[in-house]
Amino acid sequence: MTANDLAIVILAAGKGTRLKSSLAKVLHRAGGRTLVEHVVRVGAALKAKKTIVVVGHQAEQVAAVVEPLGAETVLQQPQHGTGHAMHVARRALGNAKLVVVLPGDAPLVRAETLKALIAAHRAGNAAATILTAVLADPSGYGRIVRKSGANVSAIVEESQLTEEQRELNEINSSIYCFTLEKLWPALAQVKPNNQHRELYLTDAIAVMAAKGEAVLAQLAADAREALGCNTRADLAEADRTLREWKRDALQNDGVTIQLPETVLVDPEVTAGEDTVIEPCVQLLGKTKIGARCTIRTGSVLSDAILGDEVIVEPHCVLAQSRLDDRVKAGARIGNFVELKKSTVGEGTKAMHLTYLGDAKIGAKTNIGAGTITCNYDGFHKYPTTIGNKVFIGTNSALVAPVRVGDGAYVAAGSTITDNVPSDGLAIARGRQENKPGWASKKRRELAAAEKPKKPARARKKSKPRRTAKKSRRR
Ligand code: UD1
Ligand code: MG
C-alpha cells in the first residue's frame, strides 16, 4: 500500500569538502554500496508517493545511481544549504502533505526507525518530528535544545553553540518528518545567518517552535543510525557497521563465520545453511553460495555461484565463475588458483598457482601447477577449451583462443599457441642441451680471475696479460 500523502526528499547535492575527494560525498561507498543508494533503498520501504533526490555536485553521476531505483531528481545549482535544497524540491513535492527528509550521507538509518518517526509525527499532530540520538561525542552535529518533555525549541549548529549548549549531547540526525504546510512559511523566514551564508533547514525548527507549533524529537532505536558521513573516519565507521549487520544476517540464516570481524560480505551475497566461512574471506558482488560449503581462509569470491558442498581451498580467487554441487563430483580447485568465467568438469583438478580465465574444461583433466590461460591480447578476451582426461604439464601457458582435445598431453613448460589434437602430445619449449664438464671448467676460470693481487712491482710486469684477460671476460 502506498502512503498517498507522503513524499521523501533526499538531500544529496553537497560536495563533501571534509572528505577531501574529487568524488561527490554521496557517491562514496560503505558496506558495498554508495551512500545515496543506501538512503534511497531504505526510503523505498516507506512506500511513499514519490522519492525526490536533490542533486547538484556531480549531478549526473548521482542521478545515474538513484533514477534506476525509482527516484526522481531535482537540480540544486549552486548549493546554498539544506534549507535552500528544500526550496528547490518544493515544486516536485506537488500535493504531498507529509515529507520525510533524509540526508544523502546517513546510510545506517533503518526502515523501522523511519516508520516509527512517521507514526510519532502523525500521533503528535506535529509540524516537525526530528530523529535524534544521544552520543558520547556529539561534536560536529547540530544539537537539540529541548523545551519540555518531547518538545524541541531549536537545533543549534556546532559553530553557533554557546558555552552552555556545548554540554548538550542529543544530536540532530538531519532526518525529519515535516508537515509541509507548516514547513514552508517557517522556511521562508530563515535567513543565511552563518559564516557559510547558507540557508539551514535546521533554523526552520526554532521558527516553528516559536510559533507554538508542535516540534517533536524522537530518539533513534540505535544511536548509530544517526551517523552522517562527513569524513573518511565516518565512512569507515559506516562500513564497519553495515558489514557487521550483513554478517549478522548470514549468521541468522545458519552460516558459520569464524572471526567474523575479518570477513567482508557485500549486501547481495547469499549463503546456505551450515556453510562455513573461515577468517579473512571476501564475498563480493552477486556471489551465491549453497549449503554445507566451506570457504577457506583468504579466498575472494566475486559474482561466483556455488552449489552445495563445495570446498574452496585457502587463497583462491573466483570471479564470475560457477562451481556446481560438490564441484561437479570431485572437481578440485586448490590454493592460489584464480578462476574467471570458467567451468571445470567432474573430477578435474587445478590444485596450485594457476589462472584459468574464459576457460571451459572437461572431466577428469589435470591442470598442472603454474598453468596460465593467456586470455587477453590487450583488446579482447578469448576462450580456452580443454577436453576430458587432458594432462596439462606444469608451468604451461595456453595462448587463447586455443583448444586442447580429449586425452591430450601438454608437456611441462610449453607455450601452446596452436590447437592440440585429441590423444596427442604438444611440446612447445626450447630443447635441452647438456654440456659435460662445463661447470668445473667454469669454476676454475672464475677462481683464477679472483686470485689475490700481487705487490706493485710484480703487478707492473703482469699488466698486459691481466688486461687481455679482462677484455676476454667481457
Ligand atoms: C547536517 C545538519 C546537522 C546535523 C547533521 C547530521 C544542517 C545545517 N545541519 O550537518 O544539524 O547534525 O547534518 O548528519 O542541516 N546538501 C544539499 N544541498 C546543500 C547542502 C547540503 O543537498 O546545499 C546535502 C548534502 O549533500 C548532505 C546533506 O545535505 O547529504 C547534509 O549536508 P552536510 O553538509 O553533510 O551537513 P552537516 O554539516 O553534516
Ligand atoms: Mg553530514
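Take 20 as the starting number for the sequence shown in my numbering and just add one per residue. Note that CB positions come from ideal geometry on N, CA and C, so glycine has one too.
Applying the criterion that 16 or more other CB atoms from any shown protein chain within 10 Å of the CB defines a buried residue, is residue i buried or exposed?
i: N394; result: buried
i: S490; result: Note on S490: pLDDT 45, under 50, position unreliable in the model; the coordinate value appears next. Exposed.
i: H76; result: buried
i: D222; result: buried
i: E182; result: exposed
i: K359; result: buried
i: R162; result: buried
i: L465; result: exposed
i: S361; result: buried
i: N453; result: exposed
i: K265; result: buried
i: R56; result: Residue 56 is actually Glu in this sequence, not Arg. With 16 or more other Cβ atoms within 10 Å, it is buried.
i: R493; result: Because the pLDDT of R493 is 41, which lies under 50, any placement of that residue in the model is unreliable, and the question is left without a value.
i: N191; result: buried
i: P122; result: buried
i: L65; result: buried
i: G113; result: exposed
i: A155; result: exposed
Find the nearest neighbour of residue i within the set the options, judged by alpha-carbon distance.
i: P425; options: L220, I386, N170, V409; result: The sequence given here has Asp at residue 425, not Pro. Of the listed residues, the one whose Cα sits closest to D425 is V409.
i: G387; options: K400, H371, V164; result: H371
i: E200; options: E182, N144, E183; result: N144
i: T250; options: K44, E56, G100; result: K44
i: L30; options: D24, K39, G62; result: G62
i: A382; options: K400, G406, V331, I391; result: G406
i: I380; options: V346, W457, G317; result: V346
i: V209; options: C196, Q451, K66, H106; result: H106
i: T316; options: I330, G304, R141, K69; result: I330
i: G159; options: L112, A252, A239; result: A252
i: A130; options: G33, A458, Q339, A245; result: A245
i: I13; options: G89, H47, E79, L42; result: Absent from the model: residue 13. The displayed extent of the chain is 20 to 493, so no value can be given.
i: A115; options: A22, T281, E86; result: A22
i: I324; options: A236, R311, S340; result: S340
i: V72; options: A49, V421, T101; result: T101
i: V421; options: T436, P471, D322; result: T436
i: D327; options: P402, S318, V295; result: V295
i: T306; options: C312, L206, P204, T289; result: T289
i: T151; options: K461, A239, P402; result: A239
i: L202; options: N188, P97, K230; result: K230
i: L302; options: V282, G35, R141; result: V282
i: E280; options: Q270, V274, R262; result: R262
i: V164; options: V175, D156, L154, A155; result: V175
i: E287; options: V300, C299, D322; result: D322
i: R243; options: P157, P402, A139, C299; result: P157
i: G397; options: L42, A419, R462, A82; result: A419
For residue i versus residue j, is the C-beta spacing smaller than 8 Å?
i: G349; j: G366; result: yes
i: L136; j: T260; result: no
i: D285; j: G51; result: yes
i: N414; j: A427; result: no
i: E332; j: I308; result: no
i: I149; j: Y195; result: yes
i: I411; j: T434; result: no
i: A146; j: A67; result: no
i: K69; j: E91; result: yes
Rounded C-beta distance between residue i and residue j? I'm assuming under 8 Å.
i: E297; j: I314; result: 6 Å
i: S172; j: A225; result: 7 Å
i: K166; j: A228; result: 7 Å
i: D124; j: C248; result: 5 Å
For residue i, which residues does DSSP report across the bridge?
i: A338; result: S321, K359
i: L117; result: L25, T198
i: C393; result: V418
i: V70; result: Inspection of the sequence shows that residue 70 is occupied by Thr rather than by Val. Beta-bridge pairing links T70 to I27.
i: L10; result: Any property of residue 10 remains undetermined from this structure, which presents the chain solely from 20 to 493.
i: V128; result: V128 is not bridged to any residue.
i: N188; result: DSSP lists no partner for N188.
i: G376; result: K359
i: A145; result: Partner(s): none; A145 has no beta bridge.
State yes or no: is the beta carbon of residue i nearer than 8 Å to at least one beta carbon in chain D?
i: N144; result: Going by chain labels, chain D is absent from the structure shown, which holds only one protein chain.
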